[in-house]
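Here is the structure we will look at.
Number of protein chains: 2
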Amino acid sequence: MESCVPPGFRFHPTEEELVGYYLKRKISSLKIDLDVIADIDLYKMEPWDIQGYDSQTEWYFFSHKDRKYPTGTRTNRATAAGFWKATGRDKAVLSKNKIIGMRKTLVFYGGRAPNGRKSDWIIHEYRLQTFQNATPQVPN
Amino acid sequence: MESCVPPGFRFHPTEEELVGYYLKRKISSLKIDLDVIADIDLYKMEPWDIQGYDSQTEWYFFSHKDRKYPTGTRTNRATAAGFWKATGRDKAVLSKNKIIGMRKTLVFYGGRAPNGRKSDWIIHEYRLQTFQNATPQVPN
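This is the structure:
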């Protein structure tokens, strides 16, 4: 997989590259230059079982959102051992002064709400912000 | 120059890659995969005039050592506006538990010794450590 990356280069994408290149092309099924971001099913895995590319401290993935109910817009963020809980406000990702995506920060808690034990695991979840998916968001 | 580097990749080499790949191949005139490290004449430039690749805060260069006297081993580290002065101890660069190079840290001082004004500019100077050049070093 690293065959075309010269020595000394590491995957340290900007948020603009993550959203404007990787996520956008992934969603559009367009070719990605070097397929460094793996697909996982985040809610079928515990954070300590996730393995990523080329780093000891942070990794990048694609994962589908899992809806709580087939007809609803609420997201099911539970794993077998705990759950991911949003924290803080969503942050805009900009490209040339335009909003191209949003970043949500989630913290992993062991156990079940409302009695979870907060952990040091954090996810930044990026979504595209386009006319197509700019529907009102239900806080979760 | 970046044509073969996929989006999101940045030049963040380890010291082992700097010495064991880039410096070693440069000295041996072997092909370097992607020629991201420019040649400069460090002592003909002031630190604020140096421009490098793909970073706002640090850059990588090759530069020949300038001997103070044609027959000596002492190095002339003066520029027009100041001089580079070694600080601390040299540090070994390891690869598979073997010393492949040494790193010297230098700080830029404006003016002329011994009255220089210390600045925030720092250089890490790497040299290969091989049988060929493992001659005794004269402190400078």
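The listed protein sequences derive, respectively, from chains D and W. For the first sequence, the working numbering gives the first residue as 767, with consecutive numbering after it. For the second sequence, the working numbering gives the first residue as 767, with consecutive numbering after it. Note that beta-carbon positions come from the ideal geometry of N, C-alpha and C, so glycine has one too.
Sequence-distant residues of the same chain with beta carbon closer than 7 Å to Thr-848 of chain W, five excluded per side | The residue labelled residue 848 of chain W in the question sits at position 82 within the second sequence. Thr is not the amino acid found at residue 848 of chain W; the sequence shown has Gly there. Answer for Gly-848 of chain W: Phe-874, Tyr-875, Gly-876, Gly-877, Gly-882, listed in chain order.
If we cut at 9 Å on Cβ distances, does Phe-828 of chain W have a partner in chain D?
-> As a position in the second sequence, residue 828 of chain W is number 62, starting the count at 1. Output row for Phe-828 of chain W: interface = no.
Closer than 9 Å to chain W by CB, Tyr-738 of chain D = There is no way to answer for residue 738 of chain D, as the model of chain D reaches only from 767 to 906.
DSSP bridge partner residues for Trp-887 of chain W (one or two, in chain order) | Position 121 of the second sequence, counting from 1, holds the residue named residue 887 of chain W. Looking at the DSSP assignment, Trp-887 of chain W forms no beta bridge with any residue, so it has no partner.
Report back the beta-carbon spacing between Pro-779 of chain D and Pro-773 of chain W to the nearest angstrom; my notes put them in contact at under 8 Å.
-> Residue numbering aside, residue 779 of chain D sits at position 13 when the first sequence is read from its first letter. Residue numbering aside, residue 773 of chain W sits at position 7 when the second sequence is read from its first letter. Sure, about 7 Å apart at Cβ, within 8 Å.
Cβ of Leu-894 of chain D within 9 Å of Cβ of Val-785 of chain D?
-> Residue numbering aside, residue 894 of chain D sits at position 128 when the first sequence is read from its first letter. Residue numbering aside, residue 785 of chain D sits at position 19 when the first sequence is read from its first letter. Against a cut-off of 9 Å, the Cβ pair of Val-785 of chain D and Leu-894 of chain D comes out as a contact.
If you drop the 5 nearest sequence neighbours on each side, which residues of the same chain put their C-beta closer than 6 Å to that of Tyr-826 of chain W?
-> In the second sequence, counting from the first residue as 1, residue 826 of chain W sits at position 60. The residues are Ile-803.
Whole runs of the alpha helix (DSSP H) within the stretch 799-878 of chain D, excluding any shorter than 4 residues | none
Which of the three DSSP states, helix, strand or coil, is assigned to Leu-894 of chain D?
-> Here residue 894 of chain D refers to the residue found at position 128 of the first sequence. DSSP places Leu-894 of chain D in strand when its eight states are reduced to three.
Closer than 8 Å, Cβ to any Cβ of chain D: which residues of the stretch 769-792 of chain W, in chain order?
-> Cys-770, Val-771, Pro-772, Pro-773, Gly-774, Phe-775, Arg-776, Phe-777, His-778, Pro-779, Thr-780, Glu-783, Leu-784, Tyr-787, Tyr-788
Determine the direct distance from the alpha carbon of Lys-851 of chain W to that of Glu-710 of chain W, and round the result to whole angstroms.
-> This structure cannot speak to residue 710 of chain W, because chain W is shown only from 767 to 906.
For the candidate residues D:Ser-795, D:Lys-810, D:Lys-884, whose alpha-carbon lies nearest to that of Thr-845 of chain D?
-> To locate residue 845 of chain D, count along the first sequence from 1; it is residue 79. Ranking D:Ser-795, D:Lys-810, D:Lys-884 by Cα distance to Thr-845 of chain D puts D:Lys-810 first.
Would you kindly report the start and end of the unbroken alpha helix (DSSP H) that includes Lys-792 of chain D?
-> Residue mapping note: residue 792 of chain D aligns to position 26 of the first sequence, counting from 1. Here the alpha helix (DSSP H) through Lys-792 of chain D covers 790-793.
Using a Cβ-Cβ distance under 9 Å, would Val-802 of chain W count as near chain D?
-> Residue mapping note: residue 802 of chain W aligns to position 36 of the second sequence, counting from 1. At least one chain D Cβ lies under 9 Å of Val-802 of chain W.
Which value, in whole angstroms, describes the spacing of the CA atoms of Pro-880 of chain D and Trp-814 of chain D?
-> On the first sequence, residue 880 of chain D is found 114 positions in, with the first residue counted as 1. On the first sequence, residue 814 of chain D is found 48 positions in, with the first residue counted as 1. Between Pro-880 of chain D and Trp-814 of chain D, the C-alpha separation is close to 22 Å.
Any beta-carbon of chain W closer than 9 Å to the one on Asp-805 of chain D?
-> The count along the first sequence starts at 1 and reaches residue 805 of chain D at position 39. For Asp-805 of chain D, the answer is no, since every Cβ of chain W falls outside 9 Å of its Cβ.
In chain D, what lies closer than 9 Å to Asp-856 of chain W by C-beta?
-> In the second sequence, residue 856 of chain W corresponds to position 90, counting from 1. The contacting residues do not exist; Asp-856 of chain W stays about 22 Å from chain D at best.
Cβ pair Leu-800 of chain W, Phe-828 of chain W closer than 9 Å = Against the second sequence, residue 800 of chain W aligns to sequence position 34. Against the second sequence, residue 828 of chain W aligns to sequence position 62. No, Cβ-Cβ distance for Leu-800 of chain W and Phe-828 of chain W is not below 9 Å.
Rounded to the nearest angstrom, how far is the Cβ of Arg-869 of chain W from that of Lys-857 of chain W, given a contact under 8 Å?
-> As a first step, residue 869 of chain W is located in the second sequence; it is residue number 103 there, counting from the start. As a first step, residue 857 of chain W is located in the second sequence; it is residue number 91 there, counting from the start. Their Cβ separation, rounded to whole angstroms, is 5 Å, which keeps Arg-869 of chain W and Lys-857 of chain W in contact under 8 Å.
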